[in-house]
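Residue numbers (full-length UniProt numbering): 1 to 154.
The beta carbon of each residue, even a glycine, is placed where N, CA and C say it ideally should be.
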Amino acid sequence: MDPPAGFVRARNPAVAAPQSPLSPEGAHFRAAHHPRCPGRASSRPARSVATWLQSLPEMPVDFTGYWKMLANENFEDYLRALDVNVALRKIANLLKPDKEIVQDGDHMIIRTLSTFRNYIMDFQVGKEFEEDLTGIDDRKCMVRIPSCSLHTGR
Numbered sequence: 001m002d003p004p005a006g007f008v009r010a011r012n013p014a015v016a017a018p019q020s021p022l023s024p025e026g027a028h029f030r031a032a033h034h035p036r037c038p039g040r041a042s043s044r045p046a047r048s049v050a051t052w053l054q055s056l057p058e059m060p061v062d063f064t065g066y067w068k069m070l071a072n073e074n075f076e077d078y079l080r081a082l083d084v085n086v087a088l089r090k091i092a093n094l095l096k097p098d099k100e101i102v103q104d105g106d107h108m109i110i111r112t113l114s115t116f117r118n119y120i121m122d123f124q125v126g127k128e129f130e131e132d133l134t135g136i137d138d139r140k141c142m143v144r145i146p147s148c149s150l151h152t153g154r
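Here you go:
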């Protein structure tokens with residue numbers, strides 16, 4: 001998966017990288033012998049992998065990780081469109097915050113870490129929630145994840 005525009009995946013220095021207890025060979029062995037594996041004999045009629053994939057519930061792309069911002073394009077124009085005051089726009093445009101994203105199905109926690117302010121967004125994808133932007137603006141947000149990209153809006 002490619003990182004979101006302007007960000008690069010980075011290892012969080014405060015968190016040790018998780019080690020998988022499973023070897024790739026062991027995972028392959030279990031998948032091939034799992035009762036629901038398409039290659040296993042079954043009394044059900046055979047169906048294609050494409051049909052099987054379409055029958056699965058649509059889940060958002062997993063953005064879990066620690067992200068470092070590399071670039072920030074047209075951000076001041078975006079903040080101006082949101083009616084954020086000029087002083088906060090200038091400060092925000094200078095920041096290069098890190099993002100730590102934890103995702104569990106449709107539940108996401110996004111921690112924004114910067115020298116100006118740290119904040120946490122905790123939400124369910126597709127459900128309206130209150131984002132705490134005290135001092136910046138008071139808006140309700142909805143997060144949608146179409147086509148492998150993350151969008152927030154009023």
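Under the three-state reduction of DSSP, Asp104 is assigned to strand. With a cut-off of 8 Å on Cβ pairs, the region 100-115 is not in contact with the region 79-87, counting fewer than three such pairs.
Going by DSSP, Phe123 is part of the beta strand (DSSP E) stretching over Tyr119 to Gln124. When DSSP states are grouped into helix, strand and coil, Asp62 belongs to the coil group. Put simply, of Tyr78, Lys99 and Pro97 the residue whose alpha carbon is nearest the alpha carbon of Arg89 is Tyr78.
For Asp77, the enclosing alpha helix (DSSP H) begins and ends at Phe75 to Ala81. In this structure, the beta-carbon distance from Arg80 to Lys99 does not fall below 8 Å. Looking at the DSSP output, Leu113 bridges to Asp98. DSSP, reduced to helix, strand and coil, places Lys127 outside both helices and strands of the structure shown, so it counts as coil. The C-alpha of Glu76 lies about 10 Å from the C-alpha of Leu94. Nearest to Ala92 by C-alpha distance, out of Met108, Leu70, Asp122 and Arg117, is Arg117.
Taken atom to atom, the span from the alpha-carbon of Ile120 to that of Phe63 is near 15 Å.
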